[in-house]
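There are 4 protein chains.
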Amino acid sequence: MSATWGNKLKITIFGESHGSCIGATIDGIEPGIKIDMDLIEKEMSRRAPGRDNLSTQRKEADKAEIISGFFNGYTTGAPLTVLIHNTDIRSKDYSDIKSIARPGHADYSANKKYNGFNDYRGSGHFSGRITAPLVFAGALAKQILKEKYIYIGSHIKSIGHIEDMKFSENDMNRYTFARLNEQRIPLINEYLRQDMESLILEIKDNGDSLGGVVECAIVGMDAGIGSPFFESVESVLSSIIFSVPAVKGLEFGAGFDICKMKGSQANDQFYYDEDSNLKTRTNHNGGINGGITNSMPIIFRVAIKPTSSIAKMQTSINMYKKENIDFKIDGRHDPIIVLRVLPVIEAVSAIAVLDMIYSENY
Amino acid sequence: MSATWGNKLKITIFGESHGSCIGATIDGIEPGIKIDMDLIEKEMSRRAPGRDNLSTQRKEADKAEIISGFFNGYTTGAPLTVLIHNTDIRSKDYSDIKSIARPGHADYSANKKYNGFNDYRGSGHFSGRITAPLVFAGALAKQILKEKYIYIGSHIKSIGHIEDMKFSENDMNRYTFARLNEQRIPLINEYLRQDMESLILEIKDNGDSLGGVVECAIVGMDAGIGSPFFESVESVLSSIIFSVPAVKGLEFGAGFDICKMKGSQANDQFYYDEDSNLKTRTNHNGGINGGITNSMPIIFRVAIKPTSSIAKMQTSINMYKKENIDFKIDGRHDPIIVLRVLPVIEAVSAIAVLDMIYSENY
Amino acid sequence: MSATWGNKLKITIFGESHGSCIGATIDGIEPGIKIDMDLIEKEMSRRAPGRDNLSTQRKEADKAEIISGFFNGYTTGAPLTVLIHNTDIRSKDYSDIKSIARPGHADYSANKKYNGFNDYRGSGHFSGRITAPLVFAGALAKQILKEKYIYIGSHIKSIGHIEDMKFSENDMNRYTFARLNEQRIPLINEYLRQDMESLILEIKDNGDSLGGVVECAIVGMDAGIGSPFFESVESVLSSIIFSVPAVKGLEFGAGFDICKMKGSQANDQFYYDEDSNLKTRTNHNGGINGGITNSMPIIFRVAIKPTSSIAKMQTSINMYKKENIDFKIDGRHDPIIVLRVLPVIEAVSAIAVLDMIYSENY
Amino acid sequence: MSATWGNKLKITIFGESHGSCIGATIDGIEPGIKIDMDLIEKEMSRRAPGRDNLSTQRKEADKAEIISGFFNGYTTGAPLTVLIHNTDIRSKDYSDIKSIARPGHADYSANKKYNGFNDYRGSGHFSGRITAPLVFAGALAKQILKEKYIYIGSHIKSIGHIEDMKFSENDMNRYTFARLNEQRIPLINEYLRQDMESLILEIKDNGDSLGGVVECAIVGMDAGIGSPFFESVESVLSSIIFSVPAVKGLEFGAGFDICKMKGSQANDQFYYDEDSNLKTRTNHNGGINGGITNSMPIIFRVAIKPTSSIAKMQTSINMYKKENIDFKIDGRHDPIIVLRVLPVIEAVSAIAVLDMIYSENY
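Top to bottom, those sequences are chains A, B, C and D. Using full-length UniProt numbering, the letters of the first sequence correspond one by one to residues 1 to 362. Using full-length UniProt numbering, the letters of the second sequence correspond one by one to residues 1 to 362. Using full-length UniProt numbering, the letters of the third sequence correspond one by one to residues 1 to 362. Using full-length UniProt numbering, the letters of the fourth sequence correspond one by one to residues 1 to 362.
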């Protein structure tokens, strides 16, 4: 049931798609951080809808209002609460869809959990919109991590069947990450962009949707962060990444492909380079051994399913009449949410990394 | 750092490979559960080493001694603590390997985290052996779940390049699960067994190791269990599954393959069957919508890397002399740990499911 | 650092005295509770300032705005977030008092903890005003407890040297509690009211302040709620009661007086009454044995210190110049906060009891 | 239900009075602490029974066996688990007392909570004996705190009606604490010792028991430790102190007496002394303002009830026959447990302080 995540850095989220506002309380942030509002707005705009023809036409300014924990431009150390007002709410009558369990959505499972009392308008508390405050918190975390020379970047590993290459050693640095951060479809191989855009627009015209894979890397973490077992780096990251709606898979380093290697291949051989820095010759373990960082880049890939809301006729059920039905949802949908989930993945990863670092010190 | 997992059902693990014993404290278990010791022993023997030529020759009886929370055959409701004594400890001198960071192992990352104070003998607290108490706890959880008509089963989805088929609807039931539970290499397609055994023995002779994928299913859960966001079924399961050493990937339902589907394919259409039971025509979402169960089987696959300990010459570092070295580890190794990790995956899943159910009630 | 309290029912508070609003997120509340807004407003008005000449003249409507988790009059099961806007903020210049550590206040300790970044205006996040959202949450908890026939009541046990009698068996019931709830100075012995009012007005004229003791009782709890050790009823209640600003002492049952009894007196003898209900002949243990309820009323007393803000000349320090100073605070102060803390004590007790009950079920 | 306490330093306790052993897992302790076993044994012997004629004749060596997290004399950083074997268990038949709810004990409330499945022998998990592992953990915490120049000391403030004086400024230092630590009845005014001993022996001859008050002080804490609200120093300390069996009251600084002061008296005036150290002229707030340390000594008093087990005829109930009875318990009882609870109060305070300090760092 918990709306709160974290050990030392705790984040609590709230709000519903059609309420007056959504938000988050971030507890445990250091006092004295000068918040870079431009950075935050930029990160939030990466997730915001209505940017272009690749996303939903619902327009939300996603303007963050900090109401607590912020004074004279700095964090105070008190709980930092941010509100994001819902502005573009269509006041249409939702009563006709109240009883329909849209496939791929939480309508049925939520109805069961909450005995029908959940706010069903626009998916209510299940709306992807609730990730906006996570992006706010993540932007703040990123800013603090930057001071510790820790950087997070990601790109679209695939959309549908179009595959970008994986991060190579040369791509995992603040400069490439900054470049990717600017792109609407962040790609290592930029020649794929045109194909991907065409595919998205084609599926959009068709009233259908696409999924994809996001690859994310974190560089600059010292060796020794994390824990064996329950708070392994993989556990902590997975716990918050699988909190992001639409995520259905997560793999670290070589991931599922490591299962096809022999031990002699999968083992990343350690060595000291000329400057006596520890390195591994490969990074199949994604920078993590025994749940703990080894100072190599942390790499992981996240599977994101196609947008559940599509403009096609579907079969489903009327939960109240208990009967099978055909139906079609009108409305404004993202033909693909992968582009908008990508900054959320970065954000929650930043939150998790900062919490792990904060939790490490005695 | 946390050795404790869970909300209402809390499990704390402790111990090191070469200490006198390892164990766990299980807090929050209902009073009045008549513990089925045979079932527990059977589950523990599935994980135990030394069963046959497919696993390490280290022999551990893995006999569980309950020292708290158990009285006259029943759980008391007080914290239940179990000890498992380490019996087959070779008293060889470990000082020569103290300084070597074995590739794929936590030697280096742990040394950094613990400033060199960690018990390095036999991987210390990072040993896969620490999962034995998890299997104990999982067996107890399974017993309680059985009373609620919830069953967990799994099979080897792949070893190296040999692929078993996925669970079909017909396989996900208590009878098939019971059959799989009896098998040394649990398979849907049993014709693959001979090939897999041959492959394992071949790699063993070669001093190398193999990885693989475990597929797990949970049936019988009511709709409405789980939460949006931070305690989604995926989050909770992933947090404990990624705690299991050697796990590098996890996917639910169609997993990474869902990224190649269109929304119209990925959406599992709901319908009521003749008995008015809710069903979905496909189960690409693995029984989970919006983080909450929909009553269909929960399905997931876990990527397990090849055993890191191999009998081949490898290159690595001496952490204390800060120099690059060649070395070879002697000792008793599993040519493949997938077979022994499989019951651990079932166990931690049972713990997670029981905690979610316990946490659901007001 | 934690702004969040609770196991299954989690409450997170935020806000500062001079920000735009304060509030709380209540997570884990049952869906389908029809919120009684009148009851909530009434409870909040018990704590609100500016009611009469016995409290500060700062006037705050303390109107609660629910922005999440509430739909069509019922709780949805999603996190319930409430905002309370700060309306009567005097926009005076606080810079002159920024450097003064007011005695009895958190100015100095907060300055040290937050390295001077804390919002010092009107005590910032340390303001007693932050208890308003706790009263909101407590009123909601009380409403749910009432459905379970659990009632909470309290009275002023003492103000300065004027002592009311303790709760007798006859006073601990919903009818007396309802009567006490209506009173500005809730008393068992109502003849003391005039004396207490005179004393308060006298001290107010004198620019000084008073403390007092609140006695609280909870009736209707079944036997078997609570835990040995870390989640004993006393531990759980104390943890949230000592969170209330100005609380310096807490005792259960006979409290400190039990130390002067012999065991033969202190032991509450059990018996079954004519209707076979379990009773104890005395209640020196305050309805709790071994940390667990025994079905008798839970009784406790809370020591509340005099308001720290007084209108007298005091000596203190200038934290920035590091020098000793004389100073006098002007402004609107409560001559006694005990009257306003009393509903907060009831509120946090209700939150704690509901969390304990929610946490009890498997 | 929780057997686990703490944020960053987590302690989990287990065991029952008549099981094979009791113990604790301490998670989150720094690696590299050279454990001072003599110090630990000494602290444990302060709590151990059978020391002299002032305590029960049950003799328990209370020898701690560390089975995890300890290697070559140092903490490893892995969970540290300690076992204490139960040696002096009288194998008498407990079946005759199974059904009796002893007054002052948890027999009835536990029976309700655990549906009769709790181990009732020797109070089972409710036995004061379960505090022995807390003393172990506390001794370890004390050792670490000593390195930070933080010291904890306590004395018997009262037994029955005999009152020692309160801690004066001159008594709160490591030298006086060391002297008190050596005393069987630690007192500021040592002239009272003879009277107290006589009183205890008299009550013992009489088959009855006594309670008392422990006063505890913590010196050396920097200003800025703690939090407003839910993790105030008072909340954190109270939560673990009220976990200790027999504690019925707790007050900080002037405690309940502060309610009789005026604000102008209760406010501790700050000043800088000649060396520019911050001091307060009085310490009625017990070193805590707004939940946060101000660098002055933390002072509190704990009310401990008389031993519930007495050798007198009492009236009570047979829980199974549901009838009122007369009964008398034979056995070995403490005429007063205050002397043995005192080191437990110091221990849990040390645990709490260390956790607060660990939790403070970013």
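Beta carbons: idealized from backbone N, C-alpha and C, even for Gly.
Beta-bridge annotation (DSSP): D:F71 is paired with D:Y74.
In terms of Cβ geometry, C:E251 and D:G249 form a close pair [threshold 7 Å]. Neighbourhood of B:D27 in chain D, by CB distance below 9 Å: M1, S2, A3, T4, T12 and F14, in chain order.
The DSSP assignment places complete alpha helix (DSSP H) segments of no fewer than 4 residues inside the segment 193 to 240 of chain A at 193 to 205, in order along the chain.
Taking B:L339 as the centre and dropping the five residues before and after it, the same chain places the C-beta of L54, S55, I156, R184 and I185 closer than 8 Å to its C-beta, in chain order. Taking the CA atoms as reference points, D:V236 sits about 28 Å from D:F70. Proximity of the segment 264 to 281 of chain C to the segment 348 to 358 of chain D falls short of the contact definition, fewer than three beta-carbon pairs being nearer than 8 Å. Chain D has no Cβ within less than 7 Å of the Cβ of A:N181. As DSSP reads the structure, A:S316 sits in a beta bridge with A:I325.
The segment 75 to 135 of chain A is shown to contain whole alpha helix (DSSP H) runs of 4 or more residues at 107 to 113, in chain order.
The C-alpha of B:R193 lies about 7 Å from the C-alpha of B:L187. Within the same chain, and ignoring the five residues on either side of D:K328 in sequence, the residues whose Cβ sits closer than 8 Å to its Cβ are A311, K312, M313 and Q314. For A:T56, the closest Cβ of chain C is not nearer than 7 Å.
Within the segment 153 to 171 of chain D, no residue places its CB atom closer than 9 Å to a CB of chain A. Contact between B:I351 and B:G138 holds: their C-beta atoms lie close to 5 Å from each other, under 8 Å.
Residue range M37 to R47 is occupied by the alpha helix (DSSP H) that includes D:K42. Interface criterion not met: the Cβ of D:Y74 is under 7 Å from no Cβ in chain A. In the DSSP assignment, D:G263 falls within the unbroken alpha helix (DSSP H) covering G263 to A266.
The beta-carbon distance between C:V213 and C:V247, rounded to whole angstroms, is 11 Å. This is too long to meet the 8 Å contact definition.
Between D:H125 and chain B, the shortest Cβ-Cβ separation is below 7 Å. At a cut-off of 7 Å between beta carbons, C:T282 makes no contact with chain D.
With contacts defined as CB atoms closer than 7 Å, B:K10 and B:G28 qualify as a contacting pair.
With fewer than 16 neighbouring CB atoms inside 10 Å of its own CB, D:Y191 falls in the exposed class. Put simply, the CB of B:Y149 is far from chain C, with every gap to its CB atoms at 7 Å or more. The residue from C:P79, C:S349 and C:V82 with its alpha-carbon nearest to that of C:C216 is C:S349. Per DSSP, the continuous beta strand (DSSP E) segment holding D:Y151 begins and ends at Y151 to I159. Within chain A, not a single residue places a beta-carbon under 7 Å from that of C:S109; the smallest gap is close to 12 Å.
In this structure, DSSP gives D:I357 a helical state, which the three-state scheme calls helix. Taking all protein chains in view, the Cβ of D:H333 is crowded by 16 or more other Cβ atoms within 10 Å, so the residue is classified as buried. For the pair B:A61 and B:V82, the CB atoms are not nearer than the 7 Å cut-off. Annotated three-state conformation of B:L250 is strand, per DSSP. Spanning the alpha carbons of C:G6 and C:G124 requires a straight line of approximately 24 Å. Within the model, the alpha-carbon separation for A:Y320 versus B:C21 is close to 56 Å. Between the alpha carbons of C:F167 and C:N173 lies a gap of roughly 10 Å.
By DSSP's assignment, A:T282 forms no beta bridge with any residue. Ranking A:A254, A:N324 and A:R51 by CA distance to the CA of A:A101 puts A:N324 first.
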